Amino acid sequence: MIVGKLKDVAEIKDMLPEDLESLFIIGCGTCVSVSLAGGEREAKSLRDLLELYFRSQGRDVKVNTATIKRQCDDEFIDSEELAISEHDVVLSLACGVGVQHLGIKHPGKMILPGVNTTFYGRNSDVGEWEEMCLGCGDCILDDFAGVCPVARCSKSLINGPCGGSQDGKCEVDDEIDCGWDLIYNRAKEIGQLDRLLSYEGPKDWSTYRDGGVRSHKNPEFFSE
Amino acid sequence: MSGSIAHYDVAYIGQALKENELSQVTLPASSLTECRGEIGNFTLSYQAEEELDQIQTSNVVINLPHQEELPVEGCLSLTGVGDEFLAEADGDKPLIIIQDYQELSAAALSQRGLKLALQAKSEDPAREVYYFYQAMRFMDDNDELYEEARRQEVIFLKHDLGELEISQDGEVFYSREDIELNLSGKLVVAPELKPAAEVERLARIFNITRGPEGYLQVDNVYLQPTLSGKRGLYVLGGARGPNALTYQQEEREYTLQEIKRNLIGVEELDEEERSVDDQKCVVCYTCYRVCPHGAIQRDEELNSMQIMPLACQSCNLCISRCPMGAITRSGEIEEQPQSDRQVIICENSAALAREKADSDPMAGLEVTEVPCVSTVKKEHIYQRLAGSEGDLLILGCISEACKHLTGHDRCEQVVSSAKSDLEKLDLDPERVNYQRLSPRMAADLSAYLADWKGEVLQ
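For the protein sequence lines, the chains are A and B, in the order given.
If you're matching positions, the first sequence starts at 14 in my numbering and goes up one per residue.
If you're matching positions, the second sequence starts at 917 in my numbering and goes up one per residue.
The structure is reproduced here in structure tokens:
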């Protein structure tokens, strides 16, 4: 799942134009709702907080909210077209995808991001998420006992740990588990330690950002 | 799966209680895979030989033995010595009984120790019996056993931190004031009691909160003696807590009485209806995870979360934390009060303390009583502040007396986050205050409110 984190409210305040008269906060009802960053609850809380702030400044700014299922699909944002047109600025609480999709659909409108899109991760506890995938475009989990060296080793090493691995922790931060410690332990658990002995050649990063902006088509939807 | 599902009055996870009136089934903790439903109609899935099977039950009792750890490797455990132990060949050696070696032992272990000491003396009055303890714990006839043991010349020696040491080869060194002893003999030590095996997995299956030591009952006055946070689920022995051995009989009787009462009929705890809008719910499981009463499950047909009405204990925590605003209750008031001195109080603590106070400490304040302060949403706080120039005070419960277990913590997290955001916008965070009380703190409530009113007026 795409994980997000609501931006610091001071940063949001600073990005709003000084002559703002109306603001439309749009929550997104999928990934960022599940990661408790940009759903209806956050949209409404932010509305009420900003209203309180504008009032303290003696400014009369109209703040409204709506939360739609997914900001990354046309069909869901169509319903808010009129409301978007009636406000000066839109603050999107979607991930970076949703913010940009709104911008594509509303070229003349200022669309601001209210959420930092942090990573692809899993829910590890109530209100807590961990990065699991980098979206490199070439999954190699089968070679590493199901633990991704690209996302879960801070240095994305694919031929074993660096010298900074100590007691299962990463030298970058001792709150971070060493990805290679996890790989080793899981490979041992499932009897695949021997697979770690083979040398991995350099990873082809052309499927990641190094190959430029990515897009793909599902062939079942296209004729040659 | 079997075709028809058998329904029992009670399902025991672990050991069954002796009781003939109830229909019952016993399942090993390791076989259990899922619990759905609520009091009166739980469905338990479990691994039966080669396939998954299910039973239905009105009540569940988790009754598992503590795990025991000996403070010194290789010595004998007080819970593990049988009748034959004293008759062994080296019966001429001193008997050394130690309790409270690293942590205080339960009263039931004192009882075992005292009985063992007396038995040794009765078999051989000349045998030296040493009994080391930090604090003798009393239950049943422990005081009589203790007196009798003293009469039989069992040597009781009190130890404190660092005064007693057991070496690797079982020698005992004791040093206190003018006494120095170096003993060897038959050494029997009270084990340290730990939560039963599997409790972590069971907590997940039943979706209940574990206490800091890992037991399935948190330290809370509303849960004594054997209630869990989930209605119809009772915890005994090594599932309940470190002192569960002390009042075993009473706790078993209480549990059986509760079960029988439940079988007569169980009512919803609140007249308000809480419902989940299945079109808004994103199945993020936040409500399920924060519910202190294990009262929420996923409706598999609608693919939406659902609140189980008998299990729900009406705290509203799910409502205030739902990221999609998908959960509503029939009595919810959207309009927020707008006076200059507003107080939100929990009906289980501040409201009761208010009633006990000599004169109403909340006179002149706009008071909103809620079933739990976890009802408070962040947006409520901002709306109340926007509606007036005044302050807002929220009065929650102290941890051990919060009827909704984690409700006060969850509210404090919301208040703290709101205050932090106010500060970031150069708004005064001191306009929002959070204080914890117990129902008994009438005097504290009056004093605190007098101070708060004074500050607000200034």
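Here a beta-carbon is modelled for each residue, glycine too, at the ideal position from N, C-alpha and C.
Every value quoted in this text rests on a predicted model; they were computed, and no experiment measured them.
Show which residues of chain A have a CB atom less than 8 angstroms away from the CB atom of residue i.
i: D1380 of chain B; result: The structure shown does not extend to residue 1380 of chain B, since chain B is modelled only from 917 through 1374, so no value can be given for it.
i: K1146 of chain B; result: Ordered by position in chain A, no residue passes the 8 angstroms Cβ test against K1146 of chain B, which lies about 17 angstroms from the chain.
Taking the continuous beta strand (DSSP E) assigned at residue i, which residues delimit it?
i: L210 of chain A; result: Premise fails: L210 of chain A is in no beta strand (DSSP E) and is neither H nor E.
i: T949 of chain B; result: 948-954
i: Q1329 of chain B; result: Note, Q1329 of chain B: premise wrong, no beta strand (DSSP E); alpha helix (DSSP H) at 1323-1340.
i: G1312 of chain B; result: 1307-1313
i: C1262 of chain B; result: 1257-1262
i: I1243 of chain B; result: 1243-1245
i: L943 of chain B; result: 940-943
i: G109 of chain A; result: Per DSSP, G109 of chain A belongs to no beta strand (DSSP E); it is in the alpha helix (DSSP H), 109-118.
i: V160 of chain A; result: Run containing V160 of chain A: none; DSSP gives neither H nor E here.
i: L95 of chain A; result: Careful: L95 of chain A lies outside any beta strand (DSSP E), inside the alpha helix (DSSP H) at 94-98.
If the cut is a Cβ gap below 9 angstroms, which residues of chain A does residue i touch?
i: C1238 of chain B; result: G52, E53, R54
Near residue i, which residues of its chain fall below 6 angstroms by C-beta distance, leaving aside the five closest residues on each side in sequence?
i: R1092 of chain B; result: E1079
i: M1357 of chain B; result: A1269
i: L1139 of chain B; result: Q1133
i: Q1258 of chain B; result: E1282, R1300, L1308
i: P1277 of chain B; result: L1361, S1362, L1365
i: Y1150 of chain B; result: V977, T1142, T1171
i: C1318 of chain B; result: H1324
i: H1320 of chain B; result: P1208, C1231, C1288
i: K1102 of chain B; result: K1009, L1011
Since residue i is in the alpha helix (DSSP H), which residue starts that stretch and which ends it?
i: D187 of chain A; result: Not the alpha helix (DSSP H): D187 of chain A falls in the beta strand (DSSP E), residues 186-190.
i: R1028 of chain B; result: 1023-1039
i: N1178 of chain B; result: 1164-1180
i: K1294 of chain B; result: 1294-1302
i: I921 of chain B; result: Per DSSP, I921 of chain B belongs to no alpha helix (DSSP H) and is neither H nor E.
i: M28 of chain A; result: 22-28
i: F67 of chain A; result: 53-69
i: R1352 of chain B; result: No alpha helix (DSSP H) contains R1352 of chain B, which is instead part of the beta strand (DSSP E) from 1348-1353.
i: V1104 of chain B; result: Per DSSP, V1104 of chain B belongs to no alpha helix (DSSP H); it is in the beta strand (DSSP E), 1102-1105.
i: S1236 of chain B; result: 1233-1237
i: D87 of chain A; result: 87-90
i: T220 of chain A; result: Premise fails: T220 of chain A is in no alpha helix (DSSP H) and is neither H nor E.
Going by Cα to Cα distance, which pick from the options is closest to residue i?
i: E985 of chain B; options: B:T973, B:L1034, B:V1105, B:K1369; result: B:V1105
i: E935 of chain B; options: B:E1169, B:F1054, B:I1243, B:L1118; result: B:E1169
i: D1085 of chain B; options: B:I1095, B:L1077, B:V977, B:L1099; result: B:L1099
i: A1334 of chain B; options: A:L59, A:L29, A:I25, A:G134; result: A:L59
i: N1058 of chain B; options: B:A1042, B:G1029, B:H1075, B:V1289; result: B:G1029
i: I81 of chain A; options: A:R199, A:D156, A:E99, A:V112; result: A:V112
i: I39 of chain A; options: A:D32, A:A23, A:Q70, A:C85; result: A:C85
i: E1188 of chain B; options: B:T1244, B:Y962, B:M1240; result: B:T1244
i: V185 of chain A; options: A:E34, A:K168, A:H114, A:M123; result: A:K168
i: I921 of chain B; options: B:I929, B:N957, B:S947, B:S946; result: B:N957
i: G121 of chain A; options: A:R135, A:V103, A:C44; result: A:V103
Within the same chain, show all residues whose beta-carbon is closer than 7 angstroms to that of residue i, passing over the 5 residues directly before and after it, in chain order.
i: L938 of chain B; result: D925, V926, I1175
i: L1002 of chain B; result: Q1035, A1036, E1039
i: V988 of chain B; result: I1082, V1105
i: G181 of chain A; result: D190, C191, D194
i: Y66 of chain A; result: K26
i: E53 of chain A; result: G40, T80
i: L154 of chain A; result: C161
i: Y221 of chain A; result: C149, G150
i: C1197 of chain B; result: S1220, M1221, M1240, A1242
i: S1255 of chain B; result: E1282, S1304, G1306
i: E1339 of chain B; result: P1345
Indicate, with yes or no, if the ligand ATP has a heavy atom lying under 8 angstroms from the CB of residue i.
i: S1333 of chain B; result: Here there are no bound small molecules, and the ligand ATP is not part of this structure.
Quick one: list the residues of chain B neighbouring residue i, beta-carbon separation under 9 angstroms, in chain order.
i: T43 of chain A; result: V1198
Find the residues of chain B that neighbour residue i, judging by a C-beta separation of less than 7 angstroms, and give them in chain order.
i: V47 of chain A; result: V1198, C1200
i: S92 of chain A; result: By Cβ distance, chain B contributes nothing, its closest Cβ being about 13 angstroms from S92 of chain A, past 7 angstroms.
Spatial neighbours of residue i within its chain, please: CB distance less than 8 angstroms, with the 5 preceding and 5 following residues excluded, ordered by chain position.
i: E1250 of chain B; result: none
i: M917 of chain B; result: Low per-residue confidence applies at M917 of chain B: pLDDT is 47, beneath 50, and the placement is therefore not dependable enough to give any value.
Listing by chain order, which chain B residues have their CB less than 8 angstroms from the CB of residue i?
i: S98 of chain A; result: What S98 of chain A touches in chain B: nothing, since even the nearest Cβ is about 25 angstroms away.
So if I threshold CB-CB distances at 9 angstroms, which residues from the stretch 60-86 of chain A count as touching chain B? Listed by position, the residues of the stretch 60-86 of chain A near chain B (Cβ gap below 9 angstroms) are R60, D61, L62, L63, E64, L65, Y66, R68, S69, T80, K82.
Which residues, in order along the stretch 1296-1319 of chain B, keep a beta-carbon less than 9 angstroms from a beta-carbon of chain A? Within the stretch 1296-1319 of chain B, the qualifying residues are H1296, I1297, Y1298, Q1299, L1301, A1302.
If you measure beta-carbon to beta-carbon, which residues of the stretch 1187-1199 of chain B are closer than 7 angstroms to chain A? Here the close residues are V1198.
Taking a cut of 7 angstroms between CB atoms, which residues from the stretch 1339-1352 of chain B lie near chain A? Those residues of the stretch 1339-1352 of chain B that come within reach of chain A (Cβ to Cβ, closer than 7 angstroms) are K1340, L1341, L1343.
Along the stretch 1225-1258 of chain B, where does the CB come closer than 7 angstroms to a CB of chain A? Name the residues. Contact residues of the stretch 1225-1258 of chain B toward chain A are C1238, P1239, M1240, G1241 (C-beta to C-beta distance below 7 angstroms).
Looking at chain A, which residues of the stretch 1204-1222 of chain B have a Cβ within less than 9 angstroms of any of its Cβ atoms? Across the stretch 1204-1222 of chain B, CB contacts with chain A closer than 9 angstroms involve R1205, V1206, in sequence order along the chain.
What residues in the stretch 1101-1115 of chain B have a beta carbon less than 9 angstroms from any beta carbon of chain A? Listed by position along the chain: nothing, the set is empty.
Closer than 7 angstroms, Cβ to Cβ, to anything on chain A: give me those residues from the stretch 1275-1296 of chain B, in chain order. Within the stretch 1275-1296 of chain B, contact with chain A at the beta-carbon level (separation under 7 angstroms) is assigned to K1294, E1295.
Taking a Cβ distance cut-off of 7 angstroms, strictly less, list which residues of the stretch 133-147 of chain A are near chain B, in chain order. Residues of the stretch 133-147 of chain A with a C-beta atom less than 7 angstroms from some C-beta of chain B are V139, listed in chain order.
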